[in-house]
Amino acid sequence: MTSWLAFPLSSPNTWKALLVHPLWWTALVCMLMQFVFKGLREWRKYGRRLDPPTPLLLRTFFWGAVGGGVCSVFASFWQWEVRPMELWWIWGWTVVLGLFRLRWACAAYGGGLLALFALLASHVSAEQVPPEWLDAWRRLSMVSVTDWLYLIGLLHVLEWLLIRLDGLTGFIPETVRHRDGYIVGGFRLQKLWAVPLVVPTAGGWLPLPLLLGFSRLNLSMIHQQQKRRASTFALLYALILAGLTWVSTWWTPLIWAAAIFAVVGHEAVYLVGKWREKRREPRFASHFRGLSVLAVLPDTPASQMGIRPGERITRMNGVHIRTVDDIRLAMQKSPAYCKLEVVDELGETRLVQRAIYEGDPSDLGVIPSPGPINRISSPVSEAVSP
Numbered sequence: 218m219t220s221w222l223a224f225p226l227s228s229p230n231t232w233k234a235l236l237v238h239p240l241w242w243t244a245l246v247c248m249l250m251q252f253v254f255k256g257l258r259e260w261r262k263y264g265r266r267l268d269p270p271t272p273l274l275l276r277t278f279f280w281g282a283v284g285g286g287v288c289s290v291f292a293s294f295w296q297w298e299v300r301p302m303e304l305w306w307i308w309g310w311t312v313v314l315g316l317f318r319l320r321w322a323c324a325a326y327g328g329g330l331l332a333l334f335a336l337l338a339s340h341v342s343a344e345q346v347p348p349e350w351l352d353a354w355r356r357l358s359m360v361s362v363t364d365w366l367y368l369i370g371l372l373h374v375l376e377w378l379l380i381r382l383d384g385l386t387g388f389i390p391e392t393v394r395h396r397d398g399y400i401v402g403g404f405r406l407q408k409l410w411a412v413p414l415v416v417p418t419a420g421g422w423l424p425l426p427l428l429l430g431f432s433r434l435n436l437s438m439i440h441q442q443q444k445r446r447a448s449t450f451a452l453l454y455a456l457i458l459a460g461l462t463w464v465s466t467w468w469t470p471l472i473w474a475a476a477i478f479a480v481v482g483h484e485a486v487y488l489v490g491k492w493r494e495k496r497r498e499p500r501f502a503s504h505f506r507g508l509s510v511l512a513v514l515p516d517t518p519a520s521q522m523g524i525r526p527g528e529r530i531t532r533m534n535g536v537h538i539r540t541v542d543d544i545r546l547a548m549q550k551s552p553a554y555c556k557l558e559v560v561d562e563l564g565e566t567r568l569v570q571r572a573i574y575e576g577d578p579s580d581l582g583v584i585p586s587p588g589p590i591n592r593i594s595s596p597v598s599e600a601v602s603p
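Going left to right, the sequence shown walks through residues 218 to 603 as this note's numbering numbers them.
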């Protein structure tokens, strides 16, 4: 360890350079855009935002900044062979891929692709490279693949922590087709963090602003359980990637497996999770046991009574509830007052109540989750007790 390799926060000039780095501001814009797109989607589907964007943005920025500082401390125990040009290459992939899928903006994809192209370049001789590409080929063949793969692994240990701390805020209501053919409701846990990382190199401290992100579809579990599962898979991904990279120092061909796993493994975590969710029993589908709440519009009776997405309304003013039409029927019977029986994600029942005023929506501001009940055309009066 060199003498200048000290605690990263003791290098204020490096942090100043990071704060004015164009890629740091690019990371902040990407982080902001996820909430812009979320808000636009909600306006299109529900006529308003479901969550105020400013608290979400500030919370995401805070945890990303704290995580970057913590990760920089752990990265300071190793001298990294990374160069500024390599960061720009990663960001080129990040921006292009992020235009197609938000989760593809994660550093795992850009860093993994950089590693793969560097490995390919190392197996190409200079005579096979066109003269105009010779300089880029030399730079690419000099990339330290192992260092970048280790760094991706370290960042995904941080992602494990970020999902635990901030993975549930701003989840997105979804409707998807279940394996049995009907549409069910669910939620997408999705987040993108801007991470201000600095690492020690042979030339001094190097700012590395990067993005970390995850996405997971939840159709069958309580949110906390799905969040823990998503974070566990992020940690397993980090450990497997680091393990493959470490073993490749003894058996060189395994570095190809590590580079491929950096990209394919990250995507497989999402795709396998989505495939499994669609084959599990849907938890958030409306059925005869009650109306499942997909979303709650802000500043409505439902939000003021504390009804939350993922909960189930079973009764209102003595009427069994399974559809929004049942809510309207109960409102007609008692137009001045509503008393609801609500079952939360843990299966615990509570009673909520509120006076009804002129101008209150007839559905109380509840966005229902679809389910098998939507395919049944029996009249409301035939509702079955929960």
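A virtual CB, placed ideally from N, CA and C, is assigned to each residue, including glycine.
Since the model is a prediction, treat every value here as computed from it, not as a measurement.
Is the closest heavy atom of the ligand ADP to the C-beta of residue i under 7 Å?
| i | result |
| --- | --- |
| residue 250 | Absence of the ligand ADP is noted for the structure shown, with no ligands found whatsoever. |
Assign residue i to one of two classes, buried (16 or more other C-beta atoms within 10 Å of its C-beta) or exposed (fewer than that).
| i | result |
| --- | --- |
| residue 407 | buried |
| residue 486 | buried |
| residue 489 | exposed |
| residue 510 | buried |
| residue 430 | buried |
| residue 390 | buried |
| residue 170 | Examination of residue 170 is not possible in this model, given that the chain is present from 218 through 603 alone. |
| residue 601 | A caution first: residue 601 carries a pLDDT of 28, below 50, which makes its placement in the model too unreliable to give a value. |
| residue 387 | buried |
| residue 262 | exposed |
| residue 220 | Caution applies to residue 220, whose pLDDT of 42 falls short of 50 and renders its modelled position unreliable; the model cannot decide the point. |
| residue 497 | exposed |
| residue 321 | buried |
| residue 291 | exposed |
| residue 280 | buried |
| residue 565 | exposed |
| residue 576 | exposed |
| residue 305 | exposed |
| residue 285 | buried |
| residue 426 | buried |
| residue 383 | buried |
| residue 480 | buried |
| residue 417 | buried |
Could you please give the first and the last residue of the uninterrupted alpha helix (DSSP H) stretch that includes residue i?
| i | result |
| --- | --- |
| residue 578 | Where residue 578 is concerned, there is no enclosing alpha helix (DSSP H), given that its DSSP letter is neither H nor E. |
| residue 410 | Segment 400–418 is the beta strand (DSSP E) holding residue 410; no alpha helix (DSSP H) there. |
| residue 332 | 324–339 |
| residue 493 | 471–494 |
| residue 539 | That residue, residue 539, is in no alpha helix (DSSP H); it is neither H nor E in DSSP. |
| residue 499 | Residue 499 -> no alpha helix (DSSP H), and no H or E assigned at all. |
| residue 296 | Segment: none, residue 296 is in no alpha helix (DSSP H) and carries neither H nor E. |
| residue 551 | Element bounds for residue 551: n/a, residue is neither H nor E. |
| residue 518 | 518–521 |
For residue i, which of helix, strand or coil comes out of DSSP?
| i | result |
| --- | --- |
| residue 264 | coil |
| residue 573 | coil |
| residue 526 | coil |
| residue 438 | coil |
| residue 466 | coil |
| residue 231 | helix |
| residue 272 | helix |
| residue 239 | helix |
| residue 359 | coil |
| residue 587 | coil |
| residue 320 | helix |
| residue 386 | coil |
| residue 506 | coil |
What are the boundary residues of the beta strand (DSSP E) that includes residue i?
| i | result |
| --- | --- |
| residue 562 | Counting along the chain, residue 562 falls outside any beta strand (DSSP E), and DSSP gives it neither H nor E. |
| residue 390 | 389–394 |
| residue 435 | 421–435 |
| residue 514 | Where residue 514 is concerned, there is no enclosing beta strand (DSSP E), given that its DSSP letter is neither H nor E. |
Tell me which residues share the same chain as residue i and place their Cβ nearer than 6 Å to its Cβ, disregarding the 5 neighbours each side in the sequence.
| i | result |
| --- | --- |
| residue 588 | 401, 502, 503 and 504 |
| residue 547 | 533, 534 and 536 |
| residue 405 | 389, 391 and 434 |
| residue 455 | 370, 373 and 374 |
| residue 491 | 434 |
Could you name the residues of the same chain whose beta carbon sits closer than 7 Å to that of residue i, not counting the 5 residues immediately before and after it, in chain order?
| i | result |
| --- | --- |
| residue 469 | none |
| residue 268 | 387 |
| residue 523 | 569 |
Only counting the same chain, and skipping five residues up and downstream in sequence, which positions put a Cβ closer than 8 Å to that of residue i?
| i | result |
| --- | --- |
| residue 599 | Summary for residue 599: the model assigns pLDDT 29, below 50, so the residue's position carries little reliability; its value from the coordinates is reported in the next sentence. Contacts found: none. |
| residue 395 | 401, 436, 495, 499 and 502 |
| residue 274 | 248, 249 and 252 |
(request) Count the CB pairs spanning the region 354–368 and the region 298–305 that are closer than 8 Å, and state whether there are at least three. (result) These segments touch.
(message) Tell me whether the region 403–423 and the region 228–239 touch, counting them as touching only if at least three CB pairs, one residue from each stretch, are closer than 8 Å.
(response) Touching, yes, given that three or more Cβ pairs across the two stretches are closer than 8 Å.
(request) Would you be able to state if there are at least three C-beta pairs under 8 Å between the region 365–383 and the region 323–334? (result) yes
(message) I'd like to know if the region 510–527 and the region 573–589 are in contact, where contact means that at least 3 CB-CB pairs between them fall below 8 Å.
(response) yes
(message) Does the structure place the region 238–249 close enough to the region 408–416 that three or more beta carbon pairs sit under 8 Å?
(response) yes
(request) For the region 565–577 and the region 539–553, state whether three or more C-beta atom pairs, one from each stretch, are separated by less than 8 Å. (result) Between the region 565–577 and the region 539–553, the count of Cβ pairs shorter than 8 Å is three or higher; the stretches touch.
(message) For the structure I just gave you, are there three or more beta carbon pairs, one from the region 449–467 and one from the region 312–321, closer than 8 Å?
(response) no
(message) Using 8 Å as the cut-off, can you tell me whether the region 329–340 makes contact with the region 473–484, which would need three or more C-beta pairs spanning the two stretches below that distance?
(response) Yes, since at least three Cβ pairs between the region 329–340 and the region 473–484 fall closer than 8 Å, the two stretches touch.
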